[in-house]
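Undergrad: Per our numbering, residue 1 is the first one in the sequence shown, and the count goes up by one each step.
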Amino acid sequence: MKLIDLSVAISPQIREPLPAKIEYASHEDGARQAAAVLGLQPDNFPESKAWATETVTLNTHAGTHIDAPWHYWPTSEGKPARTIDELPLEWFFGDGVLLDFSAKPPGYEITKEDLIVELDRICYTLKPFDIVLIRSDADKRLFHEHYAFLHAGVSAEATEWLLDQGIKVVGTDGWGWDIPLNIQAEEYRKEPREGVLWAAHYVGKDREYCQIEKLANLDQIPKPFGFKVCCFPIKVEKGSAGWSRPVAIIEE
Numbered sequence: 001m002k003l004i005d006l007s008v009a010i011s012p013q014i015r016e017p018l019p020a021k022i023e024y025a026s027h028e029d030g031a032r033q034a035a036a037v038l039g040l041q042p043d044n045f046p047e048s049k050a051w052a053t054e055t056v057t058l059n060t061h062a063g064t065h066i067d068a069p070w071h072y073w074p075t076s077e078g079k080p081a082r083t084i085d086e087l088p089l090e091w092f093f094g095d096g097v098l099l100d101f102s103a104k105p106p107g108y109e110i111t112k113e114d115l116i117v118e119l120d121r122i123c124y125t126l127k128p129f130d131i132v133l134i135r136s137d138a139d140k141r142l143f144h145e146h147y148a149f150l151h152a153g154v155s156a157e158a159t160e161w162l163l164d165q166g167i168k169v170v171g172t173d174g175w176g177w178d179i180p181l182n183i184q185a186e187e188y189r190k191e192p193r194e195g196v197l198w199a200a201h202y203v204g205k206d207r208e209y210c211q212i213e214k215l216a217n218l219d220q221i222p223k224p225f226g227f228k229v230c231c232f233p234i235k236v237e238k239g240s241a242g243w244s245r246p247v248a249i250i251e252e
């Protein structure tokens with residue numbers, strides 16, 4: 001069995017609108033903390049060293065994470081939208097399908113027809129609960145100043161089509177599932193209308209599904225299907241998303 005890490009590290013070095021902040025406490029800091037709590041002196045610990053810890057300030061949508069239906073809209077399918085801690089674990093372990101759009105330029109909007117052509121190319125028919133991964137290779141530009149704007153996105157129509165096939169979890173190695181926000185904004189300024197801003201996300205108003213964002217290493221998956229994906233989200237109470245460390249499982 002081969003395991004492929006499909007996540008990015010939580011890092012303040014990632015140039016995104018929702019950056020992480022990490023404060024590192026050394027072993028010496030830990031000795032001082034422990035001594036203060038226990039009424040001891042730092043030198044009571046071996047070489048004045050105790051625990052090393054980190055304090056992380058992190059938005060639930062920073063790093064590799066899974067969006068819950070609540071992220072898209074207060075309701076989904078006419079009911080209160082579920083938060084990340086309310087979703088069935090069964091959704092997050094299943095057969096993976098890798099669709100390669102790495103040849104498309106940043107900002108390209110992947111259509112329903114693009115999906116059908118790619119599935120025909122790899123000779124695969126989607127089935128319910130497959131986990132569909134969209135490769136754009138945006139993770140190769142993770143530390144670029146404009147990383148959030150350098151991925152190919154997925155159209156609302158293409159998203160709806162995937163859900164029509166019984167898909168519940170989709171994923172991308174881009175910063176977001178839609179086309180980049182700067183392109184959305186530019187298009188909206190030219191023609192202010194509904195269906196331009198966040199169109200694919202808003203599919204979640206009527207169709208319950210989850211999307212993984214900021215995946216990595218999709219180019220390392222050796223085949224387009226015939227592998228498992230494990231992507232359980234962290235259980236954030238009433239969260240619109242949960243961090244995840246997705247893994248592709250290849251049986252050899």
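A virtual CB, placed ideally from N, CA and C, is assigned to each residue, including glycine.
Enumerate in chain order the residues of its own chain whose CB-to-CB distance from Ala34 is below 6 Å, with the five nearest sequence positions on each side excluded.
TA: Ala50
Undergrad: Are the beta-carbon atoms of His151 and Pro106 separated by less than 8 Å?
TA: yes
Undergrad: Could you compute how far the alpha carbon of Asp120 sits from the alpha carbon of Phe225?
TA: 13 Å
Undergrad: State the Cα-Cα distance for the pair Phe232 and Asn59, rounded to the nearest angstrom.
TA: 18 Å
Undergrad: For Leu133, which beta-bridge partners are listed by DSSP?
TA: Leu98 and Gly171
Undergrad: Candidates Gly239, Gln220 and Arg15: which alpha carbon is nearest Cys210's?
TA: Gly239
Undergrad: Which ranges would you report for the beta strand (DSSP E) in the stretch 12–55 if only whole runs of at least 3 residues count?
TA: 21–25
Undergrad: Mapping DSSP to helix, strand and coil, what is Asp206?
TA: coil
Undergrad: Going along the chain, which residues of its own chain have a beta-carbon closer than 6 Å to the beta-carbon of Gly242, five neighbours each way excluded?
TA: Ile66, Ile84, Pro233, Ile234 and Val236
Undergrad: Report yes or no: do three or more beta-carbon pairs, one from the stretch 145–164 and one from the stretch 195–214, lie closer than 8 Å?
TA: As far as the Cβ criterion goes, the stretch 145–164 touches the stretch 195–214, which means the pair count is three or higher.
Undergrad: List the endpoints of the continuous alpha helix (DSSP H) containing Val247.
TA: Element bounds for Val247: not the alpha helix (DSSP H) but the beta strand (DSSP E), Val247 to Ile250.
Undergrad: Among Glu109, Arg141, Glu16 and Ala25, whose alpha-carbon lies nearest the alpha-carbon of Gln184?
TA: Glu109
Undergrad: Can the beta-carbon of Ala25 be found less than 8 Å from the beta-carbon of Ala62?
TA: no
Undergrad: Give me the residue from Leu99, His146 and Gly30 with the minimum Cα distance to Gln220.
TA: Leu99
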